[in-house]
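*Asks:*
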Amino acid sequence: MPESSVNRRIIVAERPRYSVPNTSAFRMTTAPTPRPGDGELLIRTTWLGIEPYLYGRVKPTSSQAQPVPLGEVMVGPTIGRVAISNHPDYAEGDIVQGFWGWQDYSLSDGSRVSKVDPQLPRPSYGLGALGMSGFAAYIAVNEYLKVQRGETLIFGAALGGLGQMIGQLGRMRGARTIGGVSGSKKLRYGMDVLGFDVCLDRTADDFKARCAEEFSRHGVDCYAMSGTGGVLQLALPHFNLHARIAACGVMSFYSTVKLPAGPDQTMVVFNEINVKRISVNGLVALDWFGTPLHQQFQKEMKGWILSDQVKVVEHVVDGLEHAPDTLQGVFEGRNFGKAVVHVAD
Ligand SMILES: NC(=O)c1ccc[n+]([C@@H]2O[C@H](COP(=O)([O-])OP(=O)(O)OC[C@H]3O[C@@H](n4cnc5c(N)ncnc54)[C@H](OP(=O)(O)O)[C@@H]3O)[C@@H](O)[C@H]2O)c1
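For the record, in the sequence shown the residue sitting at position 254 is 1697 according to the numbering used here, with numbers rising by one throughout.
(1) When you compare the CB positions of residue 1681 and residue 1713, do they come within less than 8 Å of one another, or not?
(2) First and last residue of the beta strand (DSSP E) that includes residue 1721?
(3) So what's residue 1769 in DSSP terms, helix, strand or just coil?
(4) From residue 1738 to residue 1466, what distance separates their C-alpha atoms?
(5) Tell whether a beta-carbon distance below 8 Å holds between residue 1694 and residue 1671.
(6) For residue 1605 and residue 1663, what's the separation of their Cα atoms in angstroms?
(7) Would you mind working out which of 1754, 1481, 1457 sits nearest residue 1636, comparing C-alpha positions?
(8) Mind listing, in chain order, the continuous alpha helix (DSSP H) runs of no fewer than 4 residues lying wholly within the stretch 1621-1694?
(9) For residue 1666, tell me which candidate among 1686, 1651, 1654, 1656 has the shortest Cα-Cα distance.
(10) Applying the 10 Å Cβ sphere with the 16-neighbour rule, what's the burial state of residue 1750?
(11) Give the straight-line distance between the Cα atoms of residue 1547 and residue 1534, rounded to the nearest whole angstrom.
(12) Unbroken beta strand (DSSP E) runs of length 3 or more, entirely within the stretch 1450-1529: which are they?
(13) Report whether the distance from the Cβ of residue 1495 to the nearest heavy atom of ligand 1 is below 7 Å.
(14) Give me, in chain order, the residues of the same chain whose beta-carbon lies closer than 7 Å to that of residue 1684; leave out the 5 immediate sequence neighbours on both sides.
(15) Is any non-hydrogen atom of ligand 1 found closer than 7 Å to the C-beta of residue 1627, if you look at the structure I gave you?
(16) If contacts are defined as beta-carbon pairs under 8 Å, then residue 1782 and residue 1773 qualify, I think. What distance do you get, rounded to the angstrom?
(17) Find the nearest neighbour of residue 1537 within the set 1543, 1545, 1527, judged by alpha-carbon distance.
(18) For residue 1581, report the span of its alpha helix (DSSP H) as first-last.
(19) Which complete beta strand (DSSP E) runs does the stretch 1536-1619 hold, if anything under 3 residues is left out?
(20) With burial defined as no fewer than 16 other Cβ atoms inside 10 Å of the residue's Cβ, what is the status of residue 1795: buried or exposed?
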């Protein structure tokens, strides 16, 4: 396939001025497509994974990694096809993944890339179900929460990359699954297609009342926290003895610049943690990459997907130029499934 001589690159143009990442933080530029030297690969980007944590790579400070310097290409989980190989371990047409980010082409010396399993139904699954979000869900459900049959598991963003996997893995372990979503379309899909026992619409007027109703039915044993801190306050009175919380991220906090107004509830939370003997663990899936658990996850998750025990819901957006708006969209709940950008075949 003839390759373009122009490499479109989306750079970080300015630090965000708004609490939600917005498209003005990025600019499309062009450069000549680079030529691979000895031992190098030219990779044609085919898919981008759009993750909430990428906002931390645009903001001036980030707790987990340095922000991308202004004028540099925006990073992110990426899949591509080897267009030219001068490397003994890679052949033209191999599908690889790495973190080279929002550009049509990238050079690699073979380090920091890995081959994508050709048996996957879609290579983009390497970005979500078999990527960071699927692995985080696997660790949360199996290692941190140790979800048991008959227990109640609650989780946010139930159709997002992480939530859809938390709910399905929890369901496979026999839990009663209660997921938060925005909107009735996601609510119905979560229950009818993904098989969650209950979905609660965080935009509905009766959200708080519905949470109280569902959380009080059998109490709450496991909470995979990823959406909004508000749910913690709603769940707190209903936690069962020895409940577990996996703190996977707090979407609503990423886009705030200061602590929310109102009385400090920290001690109320810690009091409940104490009296109910609740365990809380912070989870960052990256810490576990390359471990035996990671290999076990990849094998098991692939099997579950191929046997249709786990469904993968993707929100596919076409065109590199739409990556910035897609990132903004995950903070606005516009994604219906794991957000991925299709750049080329
Ligand atoms: N610890 C880890 O290793 C790890 C790995 C993956 C993800 N995460 C974290 O898990 C969370 C979800 O990630 P993801 O990849 O599943 O996200 P995603 O697929 O991009 O979905 C994001 C979803 O979050 C919900 N949301 C957006 N703003 C929100 C807000 N202010 N309050 C509550 N919900 C909001 C929206 O769903 P609705 O509109 O339907 O509610 C949105 O569709 C993030 O905090 C992310 O950083 C952590």
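Built from N, CA and C at the ideal position, the CB exists for glycine as well.
*Replies:* In terms of the structure at hand:
(1) no
(2) Per DSSP, residue 1721 belongs to no beta strand (DSSP E) and is neither H nor E.
(3) helix
(4) 36 Å
(5) yes
(6) 19 Å
(7) 1754
(8) 1627-1635, 1650-1661, 1672-1678
(9) 1686
(10) exposed
(11) So the alpha carbons of these two residues sit roughly 19 Å apart.
(12) 1469-1475, 1484-1492, 1521-1528
(13) yes
(14) 1719, 1720
(15) no
(16) 5 Å
(17) 1527
(18) 1575-1581
(19) 1538-1541, 1548-1551, 1595-1598
(20) This structure does not reach residue 1795, given that the chain is present from 1444 up to 1788, and the question cannot be answered.
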